[in-house]
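Chemist: Can you keep this structure in mind? I'll have questions shortly.
Chains as they are written, first to last, in my numbering: chain A, -17 to 762; chain B, 60 to 336.
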């Protein structure tokens, strides 16, 4: 391998007298490597961006150049270099003070909205996210992501979201490359991401690069901070429902550092006020990371995350779930043009339900484990070509459920749903090529070789789709690692960007995505006990082909960024279930699967203002997603559960002075489709709803206004301790936003049936009324 | 138990915070509904034929008195059900077999109903049901701490042997002083034997009784189709609108041609006890 790389290197070098300038770009104050910094040569648009580890590399003909480094929130830097040999330049960027003055802009600002090849991508600016109103005072990147164009919140009660017609399980959520299977804490009031610890967060909705795969609709890549390697720091916050604390610092100054952060809720104090039942709800999570540099071309990272939610109802019924991830990474510079990263990942997602009862007590556990090794290489061939390639191998273990008695006299005996094992190999390559001054292309592909393997006993059925009379015709046994079912798919990826003028561009992309890990969820809100199932003999991989086209324009010297994007996504084999499917603890779950087609299309508009006293963004998405599944709704097309015709968001922040800033969020969404009865009939003493079409009705629209005020006292003093008060109000005009509608026999105020008990009524449930909160954040 | 999980979770989390809402629904053509029960106890079998109505219609479902109902078994014997002429307005729509007629364990029955110009047919089998060995009672833990106003604080304890060599499904009915009783108006007590061992040693009843009540429990055997029907019925009656649970769907029926309802064929066993604490 080394010989091959040196050969390529030597070849390209021999063509002309080219030399390479490379290095790492960091934050001057805390030494954190910066991801996605734009590095440009002279006044041109030639250049590159730093990768996930802050590394850049540019190969140019011998000569003198001016390199410009630009990144949102940091002061522009311009460095002259003389290239007559390969040189290394590590750069430290300085944070920019708040630009109070609307008129003056220092230097020419280059903006990624227009120049970046990557379309349909949102990179969250955490400094800006922190100033927005936060539910219960907790800054949450998932809430910020739910405001982006093309992203629809799954509603209250969860942190999940839908991207471009995809259901909640079609998003790959990664924390330092490890997968997270449920991003919610405390019914979506918080997410698993502790904003103190997040360095970078990017959401890809389309034009997905080939290094990502495994889900159809989006990739949310979150990277945590490495820890201040210059000096110790403590950051924390005390909020209404939860508190957090983070400690970071150097182990060896400039060479090794650590960061540790924890959060815990104390909602146990409040639940007795809400209901007189003895219900307890709480969560906690921990993030920890250590990194160290060895010589100049090796860097090691060890990161860990563990989070848990726990709910108990009257001491009889309890459930809990959590994600745990651990990663070990090694960055290695083979040369100043070949960057490699190798990561070993371990991840576990589990949930547990328990009913404590002497006669009917049981416990039900389920988990999903993954071990992967990812090798990713970036080869900066020359200023016109950047090659990315790699190999990911994964082993997954699915334990859908073990139900066991938890007391001696329990009527249950232990039953276990068979485990499934997966071995997956993914290879990818893509090249980013600049043609002329205006056109950049990215083309490549991902090869996914997915295998459902043994040990496994696969039941064969007379009719795998008959869920009334389940006739098992036999059991086929597979040994350890013996392939049960193999699915090979090629996923082509293609993007292009054409600069019409220096302030506007047209982008287009096509990608094919394959999904082999499916969430068996039937409702709109994914509850943590929905089981994950791999593709197998009875479940085919889901496929999506997406094309997107967009126009991007910056106005007023990049002060305003506008974009308009349209997309069309065609999905095959999306997972759904037969009517009346038994999804919980069903050993014959395979007979309930129904796979069919889905089409989504939409238009996304967004406007952003990133500078001045008033900053913020507005987005509007018009979209439609339908499904056609044999055996469901009599085979007729119906709106998907996650179809929301119109979604609009506005988020603004106003910096009145260095001490005060105000934020507001307004969000609007068409109501979700719901299946409502068309009539009713009698059976015995029961008055039953008669259903005719799936998702034929719509809930009323969802809309909400949040406000916040942030006060930074003593901001001018040179004291070490910095405190901040945040007052936020969620749902300012107290709208009863519909969560769901259910039907029942019409009752009077005392709960007695009206008249002869044949009358029916519909009732709407809403979750969160107006919620004010105060948080105190500190840093020293 | 496992089937109630989404419902349990849902109601546990989101108690309160609900308001009435008026649904803007279209009219729908009425559909034939058949409720049919055949057991091994004479005097119990009946068939009831009605029509569905609009969701907001006030009053009972329309009863049909001109349906033609016949029953035959797997030996080719058949019997006709006739509309029960006598009695009150409430008995319109009931069709009864000849006096003393009952089903037999091990037979397969097919019911044919001709109504509104269409023919509907269903088949089900009469399966054996285990007997209830004995009953006892004790105060219910929660009712003792928080006594309800109607005085219902005692639960029955059921003792029975569950046959392990067969796959069995049961429908349970509770009677309090000879009238059918439920905890809530959308409760159906239906069980399968998945994960259940042989000894049912004092499983508590789903319904509570007060002192001096005559408590009676009846257990009916169900085929798998019967179990699925009642399960689906519970699901649609307790649906949360598709938030955590699946979108509501009509229960699976054994009737052909689009009839609603079900033809249930069961053996019944019962036991009574007087609560005298």
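We treat Cβ as the ideally placed atom computed from N, Cα and C, and that holds for glycine. None of the values given here were measured: they were computed from a predicted structure.
Taking Cβ positions, are residue 98(B) and residue 325(B) nearer each other than 8 angstroms?
Modeler: If you number the second chain from 1, residue 98(B) lands on position 39. If you number the second chain from 1, residue 325(B) lands on position 266. Closer than 8 angstroms, so yes.
Chemist: Pull out every residue of the segment 109 to 121 of chain B whose Cβ sits closer than 9 angstroms to any Cβ of chain A, in chain order.
Modeler: Answer in chain order: 109, 110, 111, 112, 113, 114, 115, 116, 117, 118, 119, 120.
Chemist: Can you confirm whether residue 255(B), when its beta carbon is compared against all beta carbons of chain A, has any partner nearer than 8 angstroms?
Modeler: Within the second chain, numbered from 1, the residue matching residue 255(B) stands at position 196. By this cut-off, residue 255(B) is an interface position.
Chemist: Can you tell me the Cβ-Cβ gap for residue 576(A) and residue 518(A), rounded? I've got them flagged as a contact below 8 angstroms.
Modeler: In the first chain, counting from the first residue as 1, residue 576(A) sits at position 594. In the first chain, counting from the first residue as 1, residue 518(A) sits at position 536. About 15 angstroms separates the two Cβ atoms, so there is no contact after all.
Chemist: On the premise that residue 175(B) lies in contact with residue 91(B), defined as a C-beta separation below 8 angstroms, what is that separation, rounded to the nearest angstrom?
Modeler: Counting from one through the second chain, the residue named residue 91(B) turns up at place 32. Counting from one through the second chain, the residue named residue 175(B) turns up at place 116. Going by Cβ atoms, the distance from residue 91(B) to residue 175(B) rounds to 6 angstroms, so yes, they are a contact pair.
Chemist: Thinking just about the alpha-carbon of each residue, which of 394(A), 396(A), 407(A), 347(A) is nearest to the one in residue 380(A)?
Modeler: Position 398 of the first chain, counting from 1, holds the residue named residue 380(A). Checking every option, the nearest Cα to that of residue 380(A) belongs to 347(A).
Chemist: Decide if residue 723(A) is buried, meaning its Cβ has at least 16 other Cβ atoms within 10 Å, or exposed.
Modeler: One-based indexing of the first chain puts residue 723(A) at position 741. It is buried - the Cβ of residue 723(A) has at least 16 other Cβ atoms within 10 Å.
Chemist: Let me check one thing: in DSSP terms, what residues is residue 125(A) bridge-paired to?
Modeler: Position 143 of the first chain, counted from the first residue, corresponds to residue 125(A). According to DSSP, residue 125(A) bridges with nothing at all.
Chemist: Which first and last residues belong to the beta strand (DSSP E) in which residue 299(B) is found?
Modeler: For the purposes of this step, residue 299(B) is taken as residue 240 along the second chain, with counting starting at 1. Where residue 299(B) is concerned, there is no enclosing beta strand (DSSP E), given that its DSSP letter is neither H nor E.
Chemist: Distance, Cα to Cα, residue 180(A) vs residue 325(A)?
Modeler: Taking the first residue of the first chain as position 1, residue 180(A) is located at position 198. Taking the first residue of the first chain as position 1, residue 325(A) is located at position 343. Between residue 180(A) and residue 325(A), the C-alpha separation is close to 19 angstroms.
Chemist: Taking only runs that begin and end inside the segment 20 to 58 of chain A, name each unbroken alpha helix (DSSP H) of 4 or more residues, in chain order.
Modeler: If we require 4 residues or more, the segment 20 to 58 of chain A turns out to have no alpha helix (DSSP H) run fully inside it.
Chemist: State the DSSP-derived secondary structure class of residue 598(A), mapped to helix, strand or coil.
Modeler: Counting from 1 along the first chain, the entry for residue 598(A) is found at position 616. Residue 598(A): strand per DSSP, three-state reduction.
Chemist: For residue 299(A), report the span of its beta strand (DSSP E) as first-last.
Modeler: For this step, residue 299(A) is matched to residue 317 along the first chain. Where residue 299(A) is concerned, the enclosing beta strand (DSSP E) stretches over 299 to 317.
Chemist: Tell me, to the nearest whole angstrom, how far the beta carbon of residue 63(A) is from that of residue 3(A); I am working on the premise that it is less than 8 angstroms.
Modeler: Counting from 1 along the first chain, the entry for residue 63(A) is found at position 81. Counting from 1 along the first chain, the entry for residue 3(A) is found at position 21. Their Cβ separation, rounded to whole angstroms, is 6 angstroms, which keeps residue 63(A) and residue 3(A) in contact under 8 angstroms.
Chemist: For residue 93(B) versus residue 744(A), is the C-beta distance shorter than 8 angstroms?
Modeler: Against the second chain, residue 93(B) aligns to sequence position 34. Against the first chain, residue 744(A) aligns to sequence position 762. Result no, Cβ atoms of residue 93(B) and residue 744(A) do not sit closer than 8 angstroms.
Chemist: Is any beta-carbon of chain B found at less than 8 angstroms from that of residue 91(A)?
Modeler: Numbered from its first residue, the first chain carries residue 91(A) at position 109. In this prediction, residue 91(A) has a pLDDT of 49, which is less than 50 and means its spatial position is unreliable; nothing more can be read from the coordinates.
Chemist: Considering only DSSP beta bridges, list what residue 9(A) is partnered with.
Modeler: By 1-based counting over the first chain, the position of residue 9(A) is 27. In the DSSP output, where bridge partners are listed per residue, residue 9(A) has 75(A).
Chemist: Using the Cα positions of residue 656(A) and residue 679(A), report the straight-line distance between them to the nearest angstrom.
Modeler: Counting from one through the first chain, the residue named residue 656(A) turns up at place 674. Counting from one through the first chain, the residue named residue 679(A) turns up at place 697. Cα-Cα distance, rounded: 5 angstroms.
Chemist: Apart from the five residues just before and just after residue 89(A), which ones in its own chain have a Cβ nearer than 6 angstroms to its Cβ?
Modeler: Indexing the first chain from 1 puts residue 89(A) at position 107. Below a pLDDT of 50, predicted positions are generally treated as unreliable, and residue 89(A), at 40, falls in that range; no measurement from the model is reported.
Chemist: On the DSSP bridge list, what partners appear for residue 434(A)?
Modeler: Translated into the one-based positions of the first chain, residue 434(A) becomes position 452. The partner list for residue 434(A) (beta bridge, DSSP) reads 404(A), 467(A).
Chemist: If you check the beta carbons only, do residue 132(A) and residue 603(A) fall under 8 angstroms apart?
Modeler: Counted from its first residue, the first chain places residue 132(A) at position 150. Counted from its first residue, the first chain places residue 603(A) at position 621. Taking 8 angstroms as the Cβ cut-off, residue 132(A) and residue 603(A) qualify as a contacting pair.
Chemist: With a threshold of 8 angstroms, are at least 3 pairs of Cβ atoms found where one atom belongs to the segment 233 to 250 of chain A and the other to the segment 182 to 195 of chain A?
Modeler: Counting Cβ pairs under 8 angstroms, fewer than three are found: no touch.
Chemist: Of all Cβ atoms in chain B, is any one closer than 8 angstroms to the Cβ of residue 667(A)?
Modeler: As a working mapping, residue 667(A) is identified with position 685 in the first chain. Yes, its Cβ sits closer than 8 angstroms to a Cβ of chain B.
Chemist: Count the other C-beta atoms from every protein chain shown that fall within 10 angstroms of the C-beta of residue 752(A), then say buried if there are 16 or more, exposed otherwise.
Modeler: In the first chain, counting from the first residue as 1, residue 752(A) sits at position 770. So residue 752(A) ends up on the exposed side.
Chemist: For residue 670(A) and chain B, any beta-carbon pair shorter than 8 angstroms?
Modeler: On the first chain, residue 670(A) is found 688 positions in, with the first residue counted as 1. Yes, residue 670(A) lies at the interface with chain B (some Cβ there is under 8 angstroms from its Cβ).
Chemist: Please list the residues of the segment 190 to 216 of chain B that have a C-beta atom closer than 8 angstroms to any C-beta atom in chain A, keeping them in chain order.
Modeler: Under the 8 angstroms Cβ criterion, the segment 190 to 216 of chain B contributes no residue.
Chemist: Interface residues of chain B around residue 388(A) at Cβ under 9 angstroms?
Modeler: By 1-based counting over the first chain, the position of residue 388(A) is 406. Within 9 angstroms Cβ-Cβ: nothing; residue 388(A) doesn't reach chain B, min ~13 angstroms.
Chemist: Here's a check: name, in chain order, each residue in its chain whose Cβ is nearer than 7 angstroms to the Cβ of residue 748(A), leaving out the five neighbours to either side.
Modeler: Locating residue 748(A) in the first chain gives position 766, where the first residue counts as 1. Once the five neighbours on either side are set aside, the close Cβ partners of residue 748(A) are 718, 719, 720, 721.
Chemist: What residues in the segment 713 to 726 of chain A have a beta carbon less than 9 angstroms from any beta carbon of chain B?
Modeler: The residues in question are 718, 720, 721, 722, 723, 724, 725, 726.
Chemist: Since residue 503(A) is in the alpha helix (DSSP H), which residue starts that stretch and which ends it?
Modeler: In the first chain, counting from the first residue as 1, residue 503(A) sits at position 521. Counting along the chain, residue 503(A) falls outside any alpha helix (DSSP H), and DSSP gives it neither H nor E.
Chemist: What are the residues in the segment 437 to 452 of chain A lying within 9 angstroms of chain B by C-beta distance?
Modeler: Result list: 449, 450, 451, 452.
Chemist: For a minimum of 3 consecutive residues, which ranges assigned as the beta strand (DSSP E) are wholly contained in the segment 539 to 567 of chain A?
Modeler: Entirely contained in the segment 539 to 567 of chain A, the beta strand (DSSP E) runs reaching 3 residues are, in chain order, 542 to 559.
Chemist: Can you give the beta carbon distance from residue 175(A) to residue 124(A), rounded, assuming they're within the 8 angstroms contact cut?
Modeler: In the first chain, residue 175(A) corresponds to position 193, counting from 1. In the first chain, residue 124(A) corresponds to position 142, counting from 1. The pair is a contact, with the Cβ atoms about 6 angstroms apart (cut-off 8 angstroms).
Chemist: Taking only beta-carbon atoms, is residue 744(A) less than 8 angstroms away from chain B?
Modeler: What you label residue 744(A) is simply residue 762 of the first chain in a count that begins at 1. Yes, residue 744(A) counts as interfacial toward chain B.
Chemist: Please go through the same chain and pick out, in chain order, the residues whose beta-carbon is closer than 6 angstroms to the beta-carbon of residue 754(A), but skip the five residues on each side of it.
Modeler: The residue labelled residue 754(A) in the question sits at position 772 within the first chain. For residue 754(A), where only same-chain residues beyond five positions count, the Cβ hits under 6 angstroms are 711.
Chemist: Kindly indicate the opening and closing residues of the beta strand (DSSP E) around residue 216(B).
Modeler: Start at 1 with the first residue of the second chain, and residue 216(B) comes out as number 157. It spans 213 to 220 - the beta strand (DSSP E) in which residue 216(B) sits, taken as one unbroken run.
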